[in-house]
Amino acid sequence: MKLLQERAKGRPAGDSLIIRTSVRLLVPFIQLYGLYVIVHGHYSPGGGFQGGVVLGASFILLALAYDLKTSLRYMSEGANVLLGNAGVLIFIGIAVLCALLGGLFLDYAALARLIPMAAEEWRSFGIFLVELGVGLTVMSSMVSLFWDLASGGDMEEGL
Amino acid sequence: MIWQLDQFVLLLVVICAVAVITVRDLLSAAVIFGVYSFLMCLLWAKMGAVDVAFTEATVGAGISTVLFIAAIFRTTRRSKD
Amino acid sequence: MKTFALLATLATGILLLYGTRDFAPWGDPASPASSHVSRVYIERAVEETHVPNLVSAILGDYRSYDTMFETVVIYCAGLAVVSVLRRNRS
Amino acid sequence: MQQLLTEIVAKYNYWLYVVLMMIGFYAMIGKRNLVKKLLGMNIFQTAIILFYVSIGVKRGANIPIVDKHAALSHGIDAAQVINPLPHVLMLTAIVVSVSVTGVALAILVRIHREYGTLEEDEILEKISS
Numbered sequence: 001m002k003l004l005q006e007r008a009k010g011r012p013a014g015d016s017l018i019i020r021t022s023v024r025l026l027v028p029f030i031q032l033y034g035l036y037v038i039v040h041g042h043y044s045p046g047g048g049f050q051g052g053v054v055l056g057a058s059f060i061l062l063a064l065a066y067d068l069k070t071s072l073r074y075m076s077e078g079a080n081v082l083l084g085n086a087g088v089l090i091f092i093g094i095a096v097l098c099a100l101l102g103g104l105f106l107d108y109a110a111l112a113r114l115i116p117m118a119a120e121e122w123r124s125f126g127i128f129l130v131e132l133g134v135g136l137t138v139m140s141s142m143v144s145l146f147w148d149l150a151s152g153g154d155m156e157e158g159l
Numbered sequence: 160m161i162w163q164l165d166q167f168v169l170l171l172v173v174i175c176a177v178a179v180i181t182v183r184d185l186l187s188a189a190v191i192f193g194v195y196s197f198l199m200c201l202l203w204a205k206m207g208a209v210d211v212a213f214t215e216a217t218v219g220a221g222i223s224t225v226l227f228i229a230a231i232f233r234t235t236r237r238s239k240d
Numbered sequence: 241m242k243t244f245a246l247l248a249t250l251a252t253g254i255l256l257l258y259g260t261r262d263f264a265p266w267g268d269p270a271s272p273a274s275s276h277v278s279r280v281y282i283e284r285a286v287e288e289t290h291v292p293n294l295v296s297a298i299l300g301d302y303r304s305y306d307t308m309f310e311t312v313v314i315y316c317a318g319l320a321v322v323s324v325l326r327r328n329r330s
Numbered sequence: 331m332q333q334l335l336t337e338i339v340a341k342y343n344y345w346l347y348v349v350l351m352m353i354g355f356y357a358m359i360g361k362r363n364l365v366k367k368l369l370g371m372n373i374f375q376t377a378i379i380l381f382y383v384s385i386g387v388k389r390g391a392n393i394p395i396v397d398k399h400a401a402l403s404h405g406i407d408a409a410q411v412i413n414p415l416p417h418v419l420m421l422t423a424i425v426v427s428v429s430v431t432g433v434a435l436a437i438l439v440r441i442h443r444e445y446g447t448l449e450e451d452e453i454l455e456k457i458s459s
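Chains as they are written, first to last, in this note's numbering: chain E, 1 to 159; chain P, 160 to 240; chain W, 241 to 330; chain X, 331 to 459.
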């Protein structure tokens with residue numbers, strides 16, 4: 001007991017082995033659930049916004065349980081910016097691609113010239129692609145918001 | 160529909176909203192705001208808006224509270240009114 | 241200041257409460273909000289998009305222009321926070 | 331008397347939304363602390379979203395997730411499904427509201443770095459002096 005108390009004195013407040021281990025075990029499952037929410041948004045409550053927020057919350061949880069450096073090691077700043085840009089580009093790229101292939105702007109049925117499928121199936125699949133882009137953007141900007149607010153902008157130490 | 164439960168949750172929402180703007184400690188205000196968001200999510204789930212309730216449970220009660228707490232951690236916790 | 245705020249709040253609240261007299265009763269299926277375009281969406285969404293979740297179908301297909309610029313808004317919020325707060329690391 | 335009672339049962343939800351809006355509005359213009367103003371703005375937004383969601387409710391209807399095969403073979407009766415249009419509009423409004431909160435909090439952190447306080451009157455004093 002005394003040994004445990006002495007060990008606990010050396011660590012900063014709120015630094016607990018139980019929390020760290022359970023968070024490390026939990027984070028992959030949270031990310032898997034976020035992907036499930038994005039992909040299964042056609043058949044159940046969910047979609048791009050919710051799944052993106054759940055994916056971003058997994059990195060925020062890492063930053064809360066460990067510190068900012070650890071979450072930066074799991075998800076670097078450059079990768080975050082890249083994913084956010086990719087999300088917006090997926091959305092607008094699909095919209096422009098529909099227009100270039102001879103359909104209306106954002107009319108996914110025009111994509112049938114690339115891969116022949118029924119118009120309804122292409123609409124269903126187009127909604128999925130678009131929600132993927134939304135999810136990536138939402139994840140990136142939520143993580144970025146938390147990093148900058150928690151560290152005050154210098155990305156050195158956080159909450 | 161259980162209308163007593165509906166009215167109880169509506170009453171709790173109003174109480175939480177009053178508590179958010181009257182309590183002087185900003186950290187308490189942020190945490191009570193999380194409770195308010197979650198009660199709101201219950202209300203929407205009861206109205207049948209499952210997608211909106213899911214979004215509010217993740218965004219309002221999760222990310223928004225964490226952002227408020229992070230900003231209060233960076234600034235000050237006391238408030239004069 | 242406090243009394244002025246209270247008076248302004250009370251005036252707005254009384255105006256809004258007076259406005260609720262014209263609303264349809266709560267849960268009325270024939271209310272104006274549920275009788276125009278949403279009826280078309282509900283009836284056609286599944287056969288035109290094959291998506292059972294009507295909210296996803298409307299969000300991603302019928303009103304995707306809205307969703308597109310909303311994504312841009314979120315992206316701009318991330319950019320704005322970075323440009324307001326970020327300091328040089330040197 | 332009977333008419334008044336039916337009026338109350340039909341409208342009490344709307345009255346509570348107006349009360350919530352008034353609480354948020356008072357916090358926005360009456361409180362001096364900037365974080366309190368921001369919390370008031372969030373309460374105001376939530377009350378408006380609550381109002382929008384509640385105009386889509388239909389008594390005795392199902393949630394807007396339908397059975398695909400039954401819908402493809404028989405079609406859907408629009409009175410049996412809750413109006414999904416307000417849900418879509420408010421789904422985007424919630425996510426925009428958290429973005430607005432994030433930007434506002436960033437500006438608050440910047441103000442605190444510059445003036446050392448979050449009270450409105452103290453900031454005004456420091457600006458004028």
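Note that the Cβ used here is the ideal one computed from N, Cα and C, for glycine as well.
- 302(W) is the residue among 269(W), 250(W), 302(W) and 271(W) whose C-alpha sits nearest the C-alpha of residue 285(W).
- By the neighbour-count criterion, in which a residue is buried when 16 or more other Cβ atoms sit within 10 angstroms of its Cβ, residue 162(P) is exposed.
- Around residue 185(P), the beta-carbon contacts reaching into chain X at under 7 Å are 365.
- With fewer than 16 other beta carbons inside 10 angstroms of its own, residue 254(W) counts as exposed.
- Leaving aside the five residues that flank residue 257(W) on each side, none in its chain has a CB nearer than 6 Å to its CB.
- For residue 395(X), the secondary structure class from DSSP, reduced to helix, strand or coil, is strand.
- For residue 454(X), no CB of chain W lies under 8 Å from its own CB, so it is not counted at the interface with that chain.
- CA-CA distance, residue 385(X) to residue 77(E), rounds to 42 Å.
- Judged by DSSP in its simplified three-state form, residue 288(W) adopts helix.
- Look at the beta carbons and you see the region 208-216 of chain P not touching the region 107-127 of chain E: under three pairs across the two are nearer than 8 Å.
- Taking 8 Å as the cut-off, the Cβ atoms of residue 383(X) and residue 414(X) do not count as close.
- Here the alpha carbon of residue 456(X) sits roughly 11 Å from the alpha carbon of residue 449(X).
- Within the model, the alpha-carbon separation for residue 420(X) versus residue 3(E) is close to 54 Å.
- The beta carbon of residue 54(E) does not come within 8 Å of any beta carbon belonging to chain W, so the residue lies off that interface.
- Using a Cβ distance threshold of 8 Å, residue 351(X) and residue 378(X) count as a contacting pair.
- Contact between the region 48-56 of chain E and the region 216-230 of chain P is present: 3 or more CB-CB pairs across the two stretches fall below 8 Å.
- Proximity of chain E to residue 326(W) at the Cβ level (cut-off 7 Å) is accounted for by 148 and 153, in chain order.
- The DSSP-derived three-state label of residue 310(W) is helix.
- Excluding sequence positions up to five before and after residue 112(E), its CB lies within less than 6 Å of the CB of 122, all in the same chain and listed in chain order.
- In terms of beta-carbon proximity, residue 61(E) stays away from the interface with chain X, with every pair separated by 8 Å or more.
- CA-CA distance, residue 304(W) to residue 135(E), rounds to 14 Å.
- Here residue 354(X) is buried: its Cβ has 16 or more other Cβ atoms, across all protein chains shown, within 10 Å.
- The three-state reading of DSSP puts residue 411(X) in strand, counting E and B together.
- Taking C-beta atoms under 8 Å as the contact rule, residue 144(E) and residue 321(W) qualify, at a distance of about 7 Å.
- In the DSSP assignment, residue 187(P) falls within the alpha helix (DSSP H) that extends over 185-206.
- Taking the beta carbon of residue 128(E) as reference, no residue of chain X falls within 7 Å; the closest one sits roughly 15 Å away.
- If you ignore the 5 residues before and after residue 447(X), its C-beta comes within less than 8 Å of the C-beta of 453 and 456, all in its own chain and listed in chain order.
- In this structure, the beta-carbon distance from residue 192(P) to residue 232(P) does not fall below 8 Å.
- At a cut-off of 8 Å, the C-beta of residue 299(W) has a neighbouring C-beta in chain E.
- Residue range 162-181 is occupied by the alpha helix (DSSP H) that includes residue 165(P).
- For a cut-off of 8 Å, the C-beta gap from residue 282(W) to residue 411(X) is around 5 Å, short enough to register as a contact.
- According to DSSP, residue pairing for residue 293(W) in a beta bridge involves 395(X).
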